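The next block holds one structure in the form of structure tokens; read it before the comments.
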Amino acid sequence: MIRLVNVNKKFGRNHVLRDLNLEIEDGKTTVIIGRSGGGKSVLLKHIIGLVKPDSGQVIVDGVDIATLDEEDLNEVRKKFGMLFQGGALFDSMTVGENVAFPLREHAKKNEHEIEDIVAERLLAVGLPGLEHLMPSELSGGMKKRAGLARAIALHPEIVLFDEPTTGLDPVMAEAINQLIIETQERFNLTCVATSHDMHSIFTIGHKVAMIYDGRIIEYGTPGEMKASANPVLQQFISGSLEGPIHIV
Amino acid sequence: MVSISTQAKVGLFVLAALILLAYMSFRVGQYGFGLKNGYLISAEFENATGLERDASVRIAGVEVGRVENITLTDGKARVSMRILPSVKLADDVKVMVRAYGILGDKFIEIIPGTKGRPTLEEGGEITRVEKQIDIDQLVRNLTNIADDVLAVTASLRKVLGGEEGAANLEGILTNTRELTANLNRVVKENDEDLKTMMTHLAQASKDLEKTFIALRQISEEINRGEGTMGQLVKKREIYDNLNETLASLREITDKINAGKGTIGRLINDEKTVDALDTSLASLDKSMEGLNKYLLKTEEFRTFLSYRGEYLFDSQNSKGYFEVKIRPKEDKFYIVGLVADPRGKRSISERTVDGVTSHIEEWDKNKLLFNAEIGKRFRNLVLRGGLLESTGGIGLDYFALNDNLRLSFEAFDFDPDRRPHLKVFADYELLKHVSMTAGYDNFISDEGNESPFVGVSIFFEDDDFKYLIGNTPIPK
Amino acid sequence: MKRALLFFDNLGSSVMRTVEEAGSVLLMFIDVLKWMVKPPLKLDLIIKQMEFVGVKSLFVVVLTGTFTGMVMALQGYYGFRMFNAESMVGSTVALGITRELGPVLTAIMVTARAGSAMAAELGTMRVTEQIDAYYVMSANPVKYLIVPRIVAAVLMLPLLTIVADFVGILGGYFVGVPILHINAGAFMKNIVTIVSLDDIYNGLIKSAFFGLILSVAGCYKGFTMTGGAEGVGKATTEAVVLASVSILVCDYFLTAIMF
Chain A
6 MIRLVNVNKK FGRNHVLRDL NLEIEDGKTT VIIGRSGGGK SVLLKHIIGL
56 VKPDSGQVIV DGVDIATLDE EDLNEVRKKF GMLFQGGALF DSMTVGENVA
106 FPLREHAKKN EHEIEDIVAE RLLAVGLPGL EHLMPSELSG GMKKRAGLAR
156 AIALHPEIVL FDEPTTGLDP VMAEAINQLI IETQERFNLT CVATSHDMHS
206 IFTIGHKVAM IYDGRIIEYG TPGEMKASAN PVLQQFISGS LEGPIHIV
Chain B
22 MVSISTQAKV GLFVLAALIL LAYMSFRVGQ YGFGLKNGYL ISAEFENATG
72 LERDASVRIA GVEVGRVENI TLTDGKARVS MRILPSVKLA DDVKVMVRAY
122 GILGDKFIEI IPGTKGRPTL EEGGEITRVE KQIDIDQLVR NLTNIADDVL
172 AVTASLRKVL GGEEGAANLE GILTNTRELT ANLNRVVKEN DEDLKTMMTH
222 LAQASKDLEK TFIALRQISE EINRGEGTMG QLVKKREIYD NLNETLASLR
272 EITDKINAGK GTIGRLINDE KTVDALDTSL ASLDKSMEGL NKYLLKTEEF
322 RTFLSYRGEY LFDSQNSKGY FEVKIRPKED KFYIVGLVAD PRGKRSISER
372 TVDGVTSHIE EWDKNKLLFN AEIGKRFRNL VLRGGLLEST GGIGLDYFAL
422 NDNLRLSFEA FDFDPDRRPH LKVFADYELL KHVSMTAGYD NFISDEGNES
472 PFVGVSIFFE DDDFKYLIGN TPIPK
Chain C
1183 MKRALLFFDN LGSSVMRTVE EAGSVLLMFI DVLKWMVKPP LKLDLIIKQM
1233 EFVGVKSLFV VVLTGTFTGM VMALQGYYGF RMFNAESMVG STVALGITRE
1283 LGPVLTAIMV TARAGSAMAA ELGTMRVTEQ IDAYYVMSAN PVKYLIVPRI
1333 VAAVLMLPLL TIVADFVGIL GGYFVGVPIL HINAGAFMKN IVTIVSLDDI
1383 YNGLIKSAFF GLILSVAGCY KGFTMTGGAE GVGKATTEAV VLASVSILVC
1433 DYFLTAIMF
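Protein chains in written order, with the working numbering: chain A, 6 to 253; chain B, 22 to 496; chain C, 1183 to 1441.
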């Protein structure tokens, strides 16, 4: 279980998270929504310890990871997988090597076994037999799939998705959505995704949390969120220019 | 296309670079390997300016070692050198610091010693250190030489320029050839005399040696306290007397210091001090004058000359070899040998049956000697001394920038004959050659009067060295 | 008054930034040292970087080395001809190349080629979150990305310098002997007598330091860059400037210490 308690984070004068509290349920997909640059990615990075809070706690399975040193943090991170926005595949490695990277690092397996696992994961994300391509030869959607294959290579308990459908065409976006749902169900994962793609949110999310002005202003199931009377949330869902959210 | 793996490329590159490094290291540090087990020797130099560590040590230009270290010991530079083990150095080798060319680096040159001498071992020291040639000094000397050469060549050009000069020279050369032939003959004829002379000299030096031995004996005696001198030096009494004398002397000086007595008052009086100062100042001035005088010794010059004279009437030639030493511009000494075909006249007194008769003998093989002292008054030179082994005087008049000399000589003042008088003119044709013509013994009552011509060759001692290889001969 | 205060404020903050940056470079370097000795060493990554820094810079280093030697010979010739000491050209070229120009020019060329690439690569990886990906996968990017680059640069710079030294002298020879008609024997003899092993070795030690400087500068600027694609370009420029200036400054001090 992941819990964020009174998390504060500033970047210079920009107060991104203000006393943020959030609880993420195990075995469910929680989608964090909010404006671009509103702190979604920062929140996600807090959960995996890439960014440390200025104050507050980030508790993963009862451990406050904000206080851990690099070595202990690495142990905690082995429970995680993360799919970055652009896939974040290593440019200098082939797709196969990318997927094999966490296995080679942390799983005590021989090359043959690794090969098998890589092939299986690539099959699972719909990229069978593309081990030998370089990341530069892949399209944006394929990169995300390959990134997902790498993220789930070590059978993590928690997978984080940073804007999984952003920048993709609707068909590819839907394919990724389905892949996330499939993967979540298959491995009974706890998933945390950030998004501002309404369709994606309501397709993959079991729970939705709205971040606004550094705080979670609404939290609930997609149905509850749609029914919410919060004007900010309503404006965000409807994509209207009228409302409390101002474009500066 | 064959693809080479990254590992292979990197490996090849590393290998190639290391081979290049090894090659360069080997070329640059050629002696690096052998020298490691070389032996160390050292030498002390007065001055090791420009010598650096790792400078080369060479014998006959071949590198045999490197300078290992340079340290200062007792104001001298102690240079230790590592020498290749295959190179053995005798213990009497000499070392000096030299440079590659004028601007080049310094290195150490070892001049090999005697074969068969014991060789230098590890830690050995070379004691025979030659002085380093100072470049400044060298350049200074070279400049002086160049100036001289320039002067010589300039005057030569003056004389040789034009056909007349060439013709003159040809004539001179012909004469010179004859002259040398004569000279040759003279030397041959006098060979025996020279030998005798040498024998005499040898004898004399032997005598000298004996004298030295005797002198040493005397000094040893003195040392041992034998003889009068010895006693003087060694005897206690005398020594005590001496001590007493010294003591009373000190008393006197003490008194003087204290201003007692006449001398004391004199010395301690201010006026006297002033007077002394003045006199010291004047002394200073006279010292300056003396200095100036001493500086004049730089005018010291030495000339060598040979003059051949051909006497028409007696169809004889006469040879003069002279050394003229001129310590000052206006003073000189001449020492010379004269080869006179008439020979040396010796007179012996013989008493036979109560009748004393003078017997005059001419020894044709004897050399005659000149030893004169002279002084110059403007253009006139007065000289006198031994002329052809007899007493005599001479008078020279110089004209035309000293190129022409008119001379008169009178010697051999024998009451039985008229004195030997000689007049001649000497004209300096070239810088080192002059022509002579004159009348010899012109008031002779023995029929020896004769006109003569001659050539003389003369050099200044300095000229001699570099003139020989440099005189151009026009065709 | 306010203006004056503003001036001092700016001055103070820029000094602080410089000090901060120096401190973080040092911290990164300490981190690098730590990861360098922590097994397992990523040998394959090091070799990959050695190929990039060393083998792929070979051509440009040979080119600059050769032409530098050639132009030195040409320039030296005009100077030495005045003293009739043309054969000194060889030793001048050799001494200049081995002691100074070989190490420095090689370092500058590798900075331009590889140091800038390091900053750009790492900057791009930062922008595309590849560096975060390393952290997420419990792998330290310093070990994977920075250590191999620095090790490779420190190892390859001396080797490239050897090559530069060699081709530089060779270039000098080709201009000096066949073109300017300097006596070949005297040319080589002067090199051999005047250049010592220390000259070469000290040059190589210098170049190892230069390798360290250029790789640390490149890695630091790339690794810590911010500001997206534009930031990558800025980081690259800054890395090249920082490395070049540091190399020249360090060159003075290293030379002062060693020769």
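By construction, the Cβ of each residue, glycine as well, lies at the ideal position given by its N, Cα and C atoms. These numbers were taken from a predicted model, which means no experiment stands behind them.
Taking a C-beta distance under 7 Å as the contact criterion, Ala446(B) and Leu421(B) do not qualify as a contact pair. By the 16-neighbour rule on beta-carbons within 10 angstroms, Tyr1316(C) is buried. Here Phe398(B) is exposed: its Cβ has fewer than 16 other Cβ atoms, across all protein chains shown, within 10 Å. Going by C-alpha positions, Leu138(A) is about 13 Å away from Ala124(A).
For Met87(A), the closest Cβ of chain C is nearer than 7 Å. Listed along chain C is no residue with a C-beta nearer than 7 Å to that of Leu73(A); the closest approach is about 12 Å. For Leu403(B), the enclosing beta strand (DSSP E) has its first and last residue at Leu401 to Leu408. Contact between Cys1401(C) and Ile1328(C) holds, with the beta-carbon distance rounding to 5 Å and staying under 8 Å.
A contact between stretches requires three or more CB pairs, one per stretch, nearer than 8 Å, and the region 1240-1260 of chain C fails this requirement with the region 1311-1326 of chain C.
Residue contact with chain C for Gly91(A): present (Cβ-Cβ distance below 7 Å to some residue of chain C).
Counting the other CB atoms within 10 Å of its CB gives Pro1330(C) a total of 16 or more, which places it among the buried residues.
Contact annotation: the region 176-183 of chain A does not touch the region 157-165 of chain A, with fewer than three C-beta pairs closer than 8 Å. Following the DSSP letters along the chain, one finds Tyr44(B) inside the alpha helix (DSSP H) bounded by residues Thr27 to Val49.
Distance between Leu1386(C) and Lys1238(C), taken at the CA atoms: about 19 Å. For Asn13(A), the secondary structure class from DSSP, reduced to helix, strand or coil, is strand. The distance from the Cβ of Lys212(A) to that of Lys33(A) is about 6 Å, consistent with a contact at the 8 Å cut-off. In this structure the region 35-49 of chain A does not lie against the region 71-86 of chain A, because fewer than three pairs of beta carbons, one per stretch, are closer than 8 Å. With its beta carbon at least 7 Å from every one in chain B, Gly1385(C) lies outside the interface. Look at Ser46(B): its C-beta is under 7 Å from a C-beta on chain C. Along the region 1403-1414 of chain C, none of the residues has a CB nearer than 7 Å to a CB of chain A. Note on geometry: alpha-carbon atoms of Asp112(B) and Lys1371(C) lie some 31 Å from one another. When secondary structure is reduced to three states using DSSP, Asp461(B) falls in the strand class. Using a CB distance cut-off of 7 Å, Ala38(B) counts as an interface residue toward chain C. In terms of Cβ geometry, Gly413(B) and Phe432(B) form a close pair [threshold 7 Å].
In terms of Cα proximity to Arg138(B), the closest of Asp126(B), Ile166(B) and Lys109(B) is Lys109(B). The alpha helix (DSSP H) runs lying completely inside the region 1216-1276 of chain C and spanning 4 residues or more are 1225-1235 and 1240-1263, given in chain order.
Per the Cβ contact rule, the region 1409-1426 of chain C is in contact with the region 1389-1400 of chain C (3 or more Cβ pairs under 8 Å).
For the pair Lys352(B) and Lys396(B), the Cα-to-Cα distance works out to about 5 Å. Pairing Ala1346(C) with Gly1284(C) gives a Cβ-Cβ distance under 7 Å. By the Cβ criterion, the region 1269-1287 of chain C is not in contact with the region 71-79 of chain B, since fewer than three pairs of Cβ atoms, one from each stretch, lie closer than 8 Å. Three or more Cβ pairs closer than 8 Å define a contact, and the region 86-102 of chain A meets that threshold against the region 132-151 of chain A.
For Lys30(B), the C-beta contacts it makes with chain C under 8 Å involve Glu1233 and Val1237, in order along the chain. Rounded to whole angstroms, Arg1263(C) and Thr195(B) show a C-alpha spacing of 49 Å. Contact annotation for His111(A) against chain C: Ser1320 [CB-CB distance below 7 Å, chain order]. For the pair Leu22(A) and Gly248(A), the CB atoms are not nearer than the 7 Å cut-off. Per DSSP, Phe128(B) is one residue of the beta strand (DSSP E) stretching across Lys127 to Ile132.
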